[in-house]
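K.L.:
First the structure, then my questions, so here it is.
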Amino acid sequence: WSTYVNSLPSYISGMPRNYNQMELKLLEGTQTLALAEGRVRRINRQYRNIRDNPRWLAVLEHFTLEDYLWARDMVDSRSFSITINGSDYDSMIPLADMPNHDLDCPCSWDYDNELEGFVAFARCGHDQGDTIMM
209 WSTYVNSLPS YISGMPRNYN QMELKLLEGT QTLALAEGRV RRINRQYRNI
259 RDNPRWLAVL EHFTLEDYLW ARDMVDSRSF SITINGSDYD SMIPLADMPN
309 HDLDCPCSWD YDNELEGFVA FARCGHDQGD TIMM
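Put into structure tokens, the structure is as follows:
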């Protein structure tokens with residue numbers, strides 16, 4: 209996992225906690241601003257709850273709030289929602305994360321319980337030599 213984690217960006221501007229003052233000003237009076245502020249409060253509370261749990265103390269000794277915020281941004285922006293044996297999960301799937309995305313030819317994905325693995329299906333045709341997009 210370290211190669212994948214090390215390849216992730218250090219910052220994602222489009223995440224609510226990273227909105228700049230101009231973006232926040234544009235959102236004043238909207239439900240979007242309230243949702244963004246609520247998300248930031250929840251993430252900060254989650255970190256405090258984890259940090260304050262004695263079972264995690266040794267693991268989190270060097271894991272700062274900034275580390276947690278970065279990790280949450282990565283999971284929130286790069287995970288794939290899948291269903292495994294009837295339970296829903298958000299999963300980091302490095303191979304699926306690497307292709308560029310194309311809204312004109314999206315693909316579908318899920319977990320195949322019989323194959324015991326992640327599967328993706330193109331929803332439009334591809335010719336030999338085409339770039340594969342997710």
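If you're matching positions, the sequence shown starts at 209 in our numbering and goes up one per residue.
Think of the CB as a built atom: it goes at the ideal place given N, C-alpha and C, for glycine as much as any other residue.
These numbers were taken from a predicted model, which means no experiment stands behind them.
(1) If you reduce the DSSP assignment to three classes, tell me which class Ser218 lands in.
(2) Among Leu311, Thr291, Leu235, which has the Cα closest to the Cα of Glu322?
(3) If Met282 sits next to Asn308, beta carbons under 8 Å apart, how far is it from one beta carbon to the other, in whole angstroms?
(4) Helix, strand or coil, according to DSSP, for Ser210 in the structure here?
(5) From the DSSP output, in three-state form, read off Gly246 for me.
(6) Taking the runs of the alpha helix (DSSP H) that are 4 residues or longer, which of them lie wholly in the stretch 261–306?
P.N.:
Working from what's here:
(1) The count along the sequence shown starts at 1 and reaches residue 218 at position 10. Three-state result, Ser218: coil.
(2) Counted from its first residue, the sequence shown places residue 322 at position 114. Selected option, being the one with the closest Cα: Thr291.
(3) Residue mapping note: residue 282 aligns to position 74 of the sequence shown, counting from 1. Residue mapping note: residue 308 aligns to position 100 of the sequence shown, counting from 1. Incorrect: roughly 18 Å between the Cβ atoms, too far for contact.
(4) If you number the sequence shown from 1, residue 210 lands on position 2. Note: Ser210 maps to helix in three-state DSSP.
(5) Start at 1 with the first residue of the sequence shown, and residue 246 comes out as number 38. Gly246 carries a helical assignment under DSSP once its states are collapsed to helix, strand and coil.
(6) The alpha helix (DSSP H) runs lying completely inside the stretch 261–306 and spanning 4 residues or more are 273–286, 302–305, given in chain order.
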